[in-house]
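3 is the number of the first residue of the sequence shown in my numbering; add one for each residue after it.
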Amino acid sequence: MTIIQHEKYMEMALSQAREALTAGEFPVGCVIEYNGEVIATGRRSNSCGRANEIDHAEILALRALLAGDRKFDISRVTVYSTMEPCLMCYATMLVNGIRRFVFSYEDAMGGGTNLPLAMLSPLYRGMSVTIVGEVLRNESLMLFKEFFSSPNCEYLQSSLLATYTLSQQL
């Protein structure tokens with residue numbers, strides 16, 4: 003795919019992230035693309051108030067994808083996320099057969115895409131994965147800066163990710 007195509011789908015993921023931010027949630031949005039068509043979306047939920055670490059945008063999009071009855075080659079889908087998938091999301095998508103990932107903003111605290119697959123158990127060792135980062139990074143960074151600057155939610159407010167994000171220049 004070209005950078006123009008990546009930007010098209012990342013814009014859609016950013017739209018999901020804006021909806022999450024508007025709802026007071028951590029601004030992560032995810033779009034899953036297959037053969038030029040969006041086949042699933044997700045946005046972070048339950049990050050504030052009664053927070054949990056299960057309802058990540060990528061997990062919700064993957065659940066929506068797997069709940070459908072369409073037939074497709076999952077190894078040919080591309081996951082677009084406004085933040086680098088965390089270790090949980092990345093490993094879950096790998097085990098489910100996804101091999102292409104595009105993200106916007108790096109997760110300085112918990113990103114999973116630098117996982118050394120060749121050094122892991124046989125399940126992961128032979129996987130060939132494509133990762134593209136920093137697609138529309140500044141647009142995503144603006145959302146995370148807005149989130150971490152808001153007094154409305156305490157989610158990750160004093161974390162390495164918050165400090166790193168607030169120090170980044172647009």
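Beta carbons are placed, not taken as given, at the ideal position from N, Cα and C, and that holds for glycine.
Residue of the options minimising C-alpha distance to residue i
i, options, result
"GLN170", "ALA25, SER151, GLY128", "SER151"
"GLU55", "ASP75, ILE34, VAL30", "VAL30"
"MET129", "CYS32, PHE28, LEU96, SER142", "LEU96"
"THR252", "GLY38, ALA25, GLY51", "In the structure as shown, the chain starts at 3 and stops at 172, and residue 252 therefore has no counterpart that could be examined."
"LEU68", "THR94, GLY51, ARG127", "THR94"
"PRO153", "MET14, GLN18, CYS50", "CYS50"
Neighbourhood of residue i by C-beta, 7 Å cutoff - its chain only, sequence neighbours within 5 removed
i, result
"SER77", "GLY99, ARG101"
"ARG127", "LEU119, ALA120"
Endpoints, alpha helix (DSSP H) assigned at residue i
i, result
"VAL97", "89 to 97"
"LEU122", "Run containing LEU122: none; DSSP gives neither H nor E here."
DSSP-derived helix/strand/coil call for residue i
i, result
"THR132", "strand"
"ILE41", "strand"
"THR167", "helix"
"PHE2", "With the chain covering only 3 through 172, there is no way to say anything about residue 2."
"ARG102", "strand"
"TYR157", "coil"
"GLU6", "Per the sequence presented here, residue 6 reads as Ile, with Glu not at that position. Residue state, collapsed to three classes: helix."
"GLU35", "strand"
Sub-8 Å separation of residue i and residue j beta-carbons
i, j, result
"SER53", "TYR157", "It is worth fixing the name first, because residue 53 is Ala in this sequence and not Ser. Yes, the Cβ-Cβ distance between ALA53 and TYR157 is below 8 Å."
"SER83", "CYS155", "no"
"GLU9", "VAL79", "no"
"ARG45", "ALA66", "no"
"LEU138", "MET12", "yes"
"MET90", "LEU162", "no"
"GLU60", "VAL81", "yes"
"LEU119", "VAL134", "no"
"TYR92", "LEU117", "yes"
"THR165", "LYS147", "no"
"LEU172", "LEU143", "yes"
Close beta carbons around residue i, own chain, < 6 Å, minus the five adjacent residues each side
i, result
"GLU86", "PHE105, GLU108, ASP109, GLY113, THR115"
"GLU141", "LEU16"
"PHE103", "VAL81, ILE133"
Residue range of the unbroken beta strand (DSSP E) whose run includes residue i
i, result
"SER83", "80 to 85"
"GLU60", "Premise fails: GLU60 lies in the alpha helix (DSSP H), 59 to 69, not in any beta strand (DSSP E)."
Own chain partners of residue i with C-beta closer than 8 Å, once the 5 adjacent residues on each side are dropped
i, result
"SER47", "ALA22, ALA25, GLU27, ASP57, LEU62"
"ARG186", "Past the edges of the chain, shown from 3 to 172, lies residue 186, and the structure says nothing about it."
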